[in-house]
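Protein chains in written order, with my numbering: chain Y, 12 to 350; chain H, 12 to 350.
Every residue gets a Cβ at the ideal spot worked out from N, C-alpha and C, and that includes glycine.
Below is one structure, written out as structure tokens, with a few remarks after it.
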DNA sequence: AGTAGCCGTGGGAACGCTCCCACTCCCGGG
DNA sequence: CCCGGGAGTGGGAGCGTTCCCACGGCTACT
């Protein structure tokens with residue numbers, strides 16, 4: 012294997028080989044405007060021959076852009092890494108950034124480093140920030156924006172926020188699920204809701220209520236229990252529901268894991284699914300395919316969420332408008348055998 | 012809120028404010044050698060007052076170092092993102108890199124981009140490469156090294172590789188599990204092994220065989236079945252084992268998920284765990300805490316793996332020796348109620 | 001026939017840093 | 001009393017780009 016020359020070729024060398032000036036070579040590589048075909052061809056040949064790649068540091072120095080985007084995951088959310096949904100989001104982000112020729116700088120911000128994180132972000136290295144967050148009480152996005160750095164948040168921090176976020180349309184998704192249950196002729200449609208202090212919890216509940224009304228079903232408080240998105244809380248919630256109203260014939264669970272718990276309780280109670288009780292989840296997690304029976308659930312596309320986050324960030328960077336409206340991503344119902 | 016000055020302060024401004032030369036200011040920020048206390052203090056005050064942060068691009072341009080490290084996850088492994096173990100590894104890497112003041116550039120390399128990945132890595136942006144891989148048939152690490160870039164692989168590609176990797180000591184871990192079962196007086200110790208073409212599969216099986224011999228237990232081929240690390244394959248494997256030898260009184264599963272499957276089969280077959288059959292897993296996945304009964308398993312520390320990967324990479328970068336020996340990380344047995 | 005304007009071009013300047021050389025002190029030894 | 005040398009310092013050069021200005025040649029007007 013031939014030893015490559017120790018130093019990387021520079022633009023100057025490319026220009027020399029192509030027999031043009033540095034400026035022309037630069038123009039070929041970038042804008043491309045106002046270059047004769049002959050010169051362009053010569054430069055492109057030289058680039059290929061030398062295996063030239065622009066030096067990112069030199070470019071960043073003069074343009075004051077790094078072509079890098081930070082993905083910040085706060086420590087409290089680090090566990091999301093282990094969740095398939097967020098893994099999918101990260102993948103979507105990675106793919107979208109790669110297509111846009113941007114680098115993804117991953118920052119796992121622990122609490123200690125919180126101060127220097129801001130310092131780092133605002134004064135260095137990246138052109139924009141992607142934030143993955145579940146909690147609502149965070150002023151970090153606005154603080155970063157205050158320093159002139161574009162920010163897009165994945166998962167709307169709270170319902171009051173109208174700009175700079177991408178989230179799944181939880182209200183619409185929950186509506187889909189409930190409308191489906193009503194369509195199936197179910198009359199006593201219960202819900203195992205999520206925590207009301209999380210957007211995913213409150214919005215899905217909101218969608219449940221709306222769709223119930225739209226379908227002319229009465230809203231009955233006794234058919235509402237709250238879980239914490241865990242399997243156990245789903246099982247417990249289902250027991251409560253059966254106790255309160257043995258005639259319940261459908262239940263919409265705010266996520267799949269709670270639906271799995273509900274399924275267990277129903278089996279233990281000798282109820283057939285879907286004959287006696289129909290069950291619908293939310294998330295379309297991998298587990299929903301392997302439950303018994305396979306779970307009908309609201310599908311949300313993590314990849315799309317990642318891609319949309321990047322798209323919105325690039326838009327923000329391009330327009331300079333820090334307050335671009337956020338987007339809600341549509342969901343769709345995946346009907347399996349539990350309903 | 013006062014508007015920050017449009018341009019970031021430069022080293023020159025810091026030096027001017029401190030009343031010293033650019034060289035002295037630079038010396039304070041970096042090496043620190045040969046600077047009088049008076050000058051150092053003045054520069055540090057000026058830095059604090061101006062909120063100065065060195066421009067990374069300018070620094071990279073002259074030092075030819077970026078202080079960034081790439082973490083490459085090949086598409087075929089992208090799913091690992093959703094697995095708690097790998098999420099932990101990434102976390103460990105992130106933490107270790109942050110302490111070393113290095114940036115983590117995440118590259119999700121899909122197959123299409125495979126060529127340009129190498130191009131990108133070798134000619135740009137990063138000082139070293141971390142590779143997360145499960146498959147053995149990959150020449151990528153060596154190709155990258157051929158370009159003079161340090162590489163550390165997480166998860167040994169295959170048993171022949173002696174350098175530049177960090178892995179869990181699978182043989183030792185499996186030995187721990189089997190020795191424990193032998194200690195408990197079990198005589199017919201079976202195993203549900205993993206795929207033989209994966210290091211985790213073959214090494215854990217190797218450890219099983221070794222420990223069996225060390226404990227004076229006969230190796231019986233009928234007590235060996237192979238799974239694919241999935242829950243279903245564990246359940247199936249256990250059925251096969253019970254069929255072949257109803258007197259089996261212990262089973263070592265090459266991962267926790269298969270152990271969960273085995274547990275299900277045993278319950279369905281009316282065997283008590285651990286009274287009739289003891290079960291041990293590998294991984295200490297979150298699920299192992301919530302099985303019935305809670306699973307005894309081999310604990311491997313993902314955080315340690317990430318940190319060790321970074322440590323080895325930094326060592327490689329510092330010494331310039333591309334062929335530093337790899338390391339096997341010790342495991343320990345977590346005894347719960349299934350054995 | 002002269003000139004205004006455009007296209008395509010070359011190269012100086014600047015980006016902000018580190019490296020390194022040269023310079024000034026000042027101390028101690030011959 | 002002179003001189004060698006170390007400690008501390010200032011600032012020039014250079015890293016590889018992009019930006020921008022000035023320039024030459026050509027076309028198409030007046």
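State buried or exposed for residue i, treating a residue as buried only when at least 16 other CB atoms are found within 10 Å of its CB.
{"i": "residue 293 (chain H)", "result": "buried"}
{"i": "residue 207 (chain H)", "result": "exposed"}
{"i": "residue 39 (chain Y)", "result": "buried"}
{"i": "residue 179 (chain H)", "result": "buried"}
{"i": "residue 34 (chain Y)", "result": "exposed"}
{"i": "residue 214 (chain H)", "result": "buried"}
{"i": "residue 279 (chain H)", "result": "exposed"}
{"i": "residue 266 (chain Y)", "result": "buried"}
{"i": "residue 167 (chain H)", "result": "buried"}
{"i": "residue 114 (chain H)", "result": "buried"}
{"i": "residue 181 (chain H)", "result": "buried"}
{"i": "residue 312 (chain Y)", "result": "buried"}
{"i": "residue 81 (chain Y)", "result": "buried"}
{"i": "residue 73 (chain H)", "result": "exposed"}
{"i": "residue 49 (chain H)", "result": "exposed"}
{"i": "residue 18 (chain Y)", "result": "exposed"}
{"i": "residue 171 (chain H)", "result": "exposed"}
{"i": "residue 227 (chain H)", "result": "exposed"}
{"i": "residue 54 (chain Y)", "result": "buried"}
{"i": "residue 112 (chain H)", "result": "exposed"}
{"i": "residue 260 (chain Y)", "result": "buried"}
{"i": "residue 295 (chain Y)", "result": "buried"}
How many angstroms separate the CA atom of residue i from the CA atom of residue j?
{"i": "residue 177 (chain Y)", "j": "residue 71 (chain Y)", "result": "29 Å"}
{"i": "residue 108 (chain H)", "j": "residue 127 (chain Y)", "result": "15 Å"}
{"i": "residue 83 (chain H)", "j": "residue 149 (chain H)", "result": "13 Å"}
{"i": "residue 75 (chain H)", "j": "residue 159 (chain H)", "result": "13 Å"}
{"i": "residue 329 (chain Y)", "j": "residue 335 (chain Y)", "result": "11 Å"}
{"i": "residue 225 (chain Y)", "j": "residue 276 (chain Y)", "result": "29 Å"}
{"i": "residue 190 (chain H)", "j": "residue 234 (chain H)", "result": "16 Å"}
{"i": "residue 309 (chain H)", "j": "residue 152 (chain H)", "result": "29 Å"}
{"i": "residue 85 (chain Y)", "j": "residue 205 (chain Y)", "result": "22 Å"}
{"i": "residue 52 (chain H)", "j": "residue 66 (chain H)", "result": "21 Å"}
{"i": "residue 132 (chain H)", "j": "residue 94 (chain Y)", "result": "29 Å"}
{"i": "residue 119 (chain H)", "j": "residue 305 (chain H)", "result": "36 Å"}
{"i": "residue 229 (chain H)", "j": "residue 332 (chain H)", "result": "45 Å"}
{"i": "residue 25 (chain H)", "j": "residue 46 (chain H)", "result": "16 Å"}
{"i": "residue 97 (chain H)", "j": "residue 338 (chain H)", "result": "18 Å"}
{"i": "residue 246 (chain Y)", "j": "residue 256 (chain Y)", "result": "16 Å"}
{"i": "residue 79 (chain H)", "j": "residue 27 (chain Y)", "result": "31 Å"}
{"i": "residue 314 (chain Y)", "j": "residue 340 (chain Y)", "result": "11 Å"}
{"i": "residue 129 (chain Y)", "j": "residue 302 (chain H)", "result": "42 Å"}
{"i": "residue 253 (chain H)", "j": "residue 281 (chain Y)", "result": "29 Å"}
{"i": "residue 106 (chain H)", "j": "residue 99 (chain H)", "result": "11 Å"}
{"i": "residue 238 (chain H)", "j": "residue 269 (chain H)", "result": "8 Å"}
{"i": "residue 344 (chain H)", "j": "residue 183 (chain H)", "result": "10 Å"}
{"i": "residue 156 (chain H)", "j": "residue 139 (chain H)", "result": "10 Å"}
{"i": "residue 232 (chain Y)", "j": "residue 216 (chain Y)", "result": "12 Å"}
{"i": "residue 236 (chain H)", "j": "residue 173 (chain H)", "result": "29 Å"}
{"i": "residue 164 (chain H)", "j": "residue 307 (chain Y)", "result": "40 Å"}
Report back the beta-carbon spacing between residue i and residue j to the nearest angstrom; my notes put them in contact at under 8 Å.
{"i": "residue 299 (chain H)", "j": "residue 272 (chain H)", "result": "Not confirmed; about 13 Å, so no contact."}
{"i": "residue 289 (chain Y)", "j": "residue 197 (chain Y)", "result": "6 Å"}
{"i": "residue 202 (chain Y)", "j": "residue 263 (chain Y)", "result": "5 Å"}
{"i": "residue 285 (chain Y)", "j": "residue 350 (chain Y)", "result": "5 Å"}
{"i": "residue 219 (chain Y)", "j": "residue 185 (chain Y)", "result": "5 Å"}
{"i": "residue 143 (chain H)", "j": "residue 162 (chain H)", "result": "The pair is not a contact, with the Cβ atoms about 12 Å apart (cut-off 8 Å)."}
{"i": "residue 137 (chain H)", "j": "residue 116 (chain H)", "result": "6 Å"}
{"i": "residue 22 (chain Y)", "j": "residue 37 (chain Y)", "result": "6 Å"}
Q) Does the stretch 317–326 of chain Y come close enough to the stretch 210–222 of chain Y that 3 or more CB-CB pairs lie under 8 Å? A) No: the two stretches stay apart, fewer than three of their Cβ pairs being nearer than 8 Å.
Q) Taking only runs of the alpha helix (DSSP H) that begin and end inside the stretch 154–240 of chain H, which ones reach a length of at least 4 residues, in chain order? A) The qualifying runs are 181–194 and 210–225.
(Q) Suppose only complete runs of 4+ residues qualify. What are the alpha helix (DSSP H) ranges in the stretch 47–107 of chain Y, listed by chain order? (A) Counting whole runs of 4 or more residues, the stretch 47–107 of chain Y contains the alpha helix (DSSP H) stretches 48–61 and 67–74.
Q: Give, in chain order, every unbroken run of the beta strand (DSSP E) that is at least 3 residues long and sits entirely within the stretch 237–270 of chain H.
A: For the stretch 237–270 of chain H, the continuous beta strand (DSSP E) assignments of 3+ residues that do not extend past its boundaries occur at 261–264, in sequence order.
(Q) In chain order, what are the residue ranges of uninterrupted beta strand (DSSP E) at least 3 long that sit wholly in the stretch 285–347 of chain H? (A) Counting whole runs of 3 or more residues, the stretch 285–347 of chain H contains the beta strand (DSSP E) stretches 289–294, 307–310, 338–340 and 343–345.
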